[in-house]
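See below for the structure under consideration.
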Amino acid sequence: IGKHLEAGTTFPLNKVTNLDINLFHIDNTDELGFDINTYSNINFDPTHHNGANLNIKTVLMDSWTLQAGYTYRDAFFTSGQYEDKTVPEIARHKFNISNLFQLNEKSSLSIDATYTGSRYFGDDYANEGKKMSPYTWVDAGYNLTLESWKFTLSVKNLTNVNAANHGYYGPQPGFPHPYA
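Per the working numbering, the sequence shown starts with residue 35, numbered consecutively.
Right under this line is the structure:
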């Protein structure tokens, strides 16, 4: 439950290139989060999110579309025990670049890279521990359309980067909590 204010626009830079800008401001009173102690979702104390999304998309050739984006997000608790602390598991910076190659009218190939910045582990509400490392994933996909059928082959994490979208310190059997 919360209030969400968002504004954005698209600027055509030329016939084949657009720049999208989006700003947002979110005040949540019951943002959901995961509690590793109970293995269940909980309602966080009130949180505040400010951010911006920038995206540029251009057609480089008839068969090649390139898109690049950046997201900035500042998320923190506005009251309670962790007031002014960063909401865990939310990266402040995220970049992406996408290539779409239209091979013919029925098939396409995509290659995407996404950088996710460092962020606090999911149970580090006090922001006292080591952050999860930033990482870059590269994904690839092939799409084929045959009449009313669409087939997709995807390879996620093509470069086999050892990273996780979510992480928790504990408590778990055999893994002591770092703040205990």
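Using N, Cα and C, we set each Cβ at its ideal position, and we do this for glycine too.
Item: Cα-Cα separation, K164 to S113; Value: 23 Å
Item: Test item: CB-CB of F185 and L178 under 7 Å; Value: yes
Item: Check whether G151 and P168 have beta carbons under 7 Å apart; Value: yes
Item: Where the beta strand (DSSP E) containing N133 begins and where it ends; Value: H127 to N138
Item: Delimiting residues of the beta strand (DSSP E) encompassing L192; Value: Here L192 belongs to no beta strand (DSSP E), and DSSP marks it neither H nor E.
Item: Option in N87, S144 and Y154 with minimal Cα separation from T120; Value: Y154
Item: Distance between beta carbons of N133 and L100, contact taken as under 8 Å; Value: 6 Å
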